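Working notes, beginning with the structure itself.
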Amino acid sequence: MLNLAIGLYFGTLSVAVSAFAVGRGTPGAAAPIMAAASLGGLLSGWLYGLRRHRTPADRQLILVTAYLTGAGLLLPLAPSPIWLGAAVVLTEAAVPPTLVLLSIRTERSVHPGVLTQAFTWNNSSSAAGSALAASLAGHLADAAGAPAAFTLAPAAGLLLLTLSLAARRQTAHPQTT
Numbered sequence: 045m046l047n048l049a050i051g052l053y054f055g056t057l058s059v060a061v062s063a064f065a066v067g068r069g070t071p072g073a074a075a076p077i078m079a080a081a082s083l084g085g086l087l088s089g090w091l092y093g094l095r096r097h098r099t100p101a102d103r104q105l106i107l108v109t110a111y112l113t114g115a116g117l118l119l120p121l122a123p124s125p126i127w128l129g130a131a132v133v134l135t136e137a138a139v140p141p142t143l144v145l146l147s148i149r150t151e152r153s154v155h156p157g158v159l160t161q162a163f164t165w166n167n168s169s170s171a172a173g174s175a176l177a178a179s180l181a182g183h184l185a186d187a188a189g190a191p192a193a194f195t196l197a198p199a200a201g202l203l204l205l206t207l208s209l210a211a212r213r214q215t216a217h218p219q220t221t
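This note's numbering applies: residue 45 is where the sequence shown begins, and numbers increase by one.
This is the structure we're talking about:
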């Protein structure tokens, strides 16, 4: 479910950025905005990987998903392509650490003999979330404009945060059957 939620963010972002650029009469702005987002994510992932983290991975996941949710709230407020580009870069900075932490969580929670299968399920869940969100974002953008489509990004972040909190509680207090 965590990977489905990050997929919801991915699917929302690309469609909403395109709708924003087209809606502002600057369709060519979508590609540079997405390129800036990707570069921001690359830098974020590199910086995250440089550090040794003392904070447990489950707590890091909660922090980074809270950041993704909060930063995502900036997206629907964007008045211009430059402002949107900055907001997207800030939001996208949460994605690489989130993906790393989701992989760590998967690796710690499944038997090594099925790890490849678990990662395949994660990727499939992310792709399903992306497809679902792209459709929803497209419908929202058509019906109410790009800002409405962008509201799905913090909603995806909030879902991810909620699931991260629930997963942490489940790990801290496993049920016995």
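Idealized CB from N, CA, C, for every residue including glycine. These numbers come from a predicted model, not from an experiment.
Checklist entry - Do three or more CB pairs link the stretch 156-168 to the stretch 91-109 at distances below 8 Å? => result The answer is no - the stretch 91-109 does not touch the stretch 156-168, with fewer than three Cβ pairs under 8 Å.
Next on the checklist: Rounding to the nearest angstrom, what Cα-Cα distance links alanine 172 and glycine 51 in this structure?
Outcome noted: Distance between the alpha carbons of alanine 172 and glycine 51 is about 7 Å.
Item to check | Whole-angstrom distance between serine 174 and threonine 99, CA atom to CA atom | outcome: Answer to the nearest angstrom: the Cα atoms are 29 Å apart.
Checklist entry - Which residue spans inside the stretch 83-169 form an unbroken alpha helix (DSSP H) run of at least 4? => result As far as the stretch 83-169 is concerned, its whole alpha helix (DSSP H) runs of at least 4 residues are 101-116, 125-136 and 139-153.
Next on the checklist: Let's see if you can read the secondary structure: which residues bound the alpha helix (DSSP H) around proline 71?
Outcome noted: Counting along the chain, proline 71 sits inside no alpha helix (DSSP H), nor does DSSP assign it H or E at all.
Checklist entry - Based on Cα-Cα distance, which residue from Leu83, Leu57, Gly67 and Ala49 lies nearest to alanine 187? => result Cα-wise, what sits closest to alanine 187 is Gly67.
Item to check | Status (buried if at least 16 other CB within 10 Å, exposed otherwise) for valine 133 | outcome: Residue burial annotation: valine 133 is buried, with at least 16 other C-beta atoms found within 10 angstroms of its C-beta.
Next on the checklist: Assuming alanine 115 and alanine 122 are in contact, meaning their beta carbons sit under 8 Å apart, how far apart are those beta carbons, in whole angstroms?
Outcome noted: So it is not a contact: roughly 12 Å between Cβ atoms.
Next on the checklist: So the candidates are Gly84, Ser82, Leu83 and Val61; which of them puts its Cα closest to the Cα of alanine 73?
Outcome noted: Among Gly84, Ser82, Leu83 and Val61, the Cα nearest to that of alanine 73 belongs to Val61.
Item to check | Cβ contact (3+ pairs, closer than 8 Å) linking the stretch 87-95 and the stretch 134-152 | outcome: These segments touch.
Item to check | Reference arginine 96, options Leu204, Pro141 and Thr70, closest by Cα | outcome: Residue Pro141 is the option with its Cα nearest to arginine 96.
Next on the checklist: For alanine 49, tell me which candidate among Asp102, Trp127, Ala177 and Leu83 has the shortest Cα-Cα distance.
Outcome noted: Of the listed residues, the one whose Cα sits closest to alanine 49 is Ala177.
Next on the checklist: Less than 8 Å between CB atoms is the rule here; does isoleucine 148 satisfy it with respect to chain D?
Outcome noted: Absent here is chain D; the protein component of the structure consists of one chain.
Checklist entry - What number of angstroms, rounded off, separates the C-alpha of alanine 181 from the C-alpha of alanine 79? => result If I take the Cα positions, the gap works out to 20 Å.
Checklist entry - What's the call for proline 198, buried or exposed, on a 16-neighbour Cβ count within 10 Å? => result Answer is buried; the Cβ neighbour count reaches 16.
Item to check | Simplified DSSP state of threonine 220, which is helix, strand or coil | outcome: Interpretation of threonine 220 is limited by its pLDDT of 46, a score under 50 that renders its predicted location unreliable; the figure taken from the coordinates is listed afterwards. In the structure shown, threonine 220 adopts coil according to DSSP, grouped into three states.
Next on the checklist: Measuring straight from C-alpha to C-alpha, what distance separates aspartate 102 and glycine 69?
Outcome noted: Straight-line measurement puts the Cα of glycine 69 at about 43 Å from the Cα of aspartate 102.
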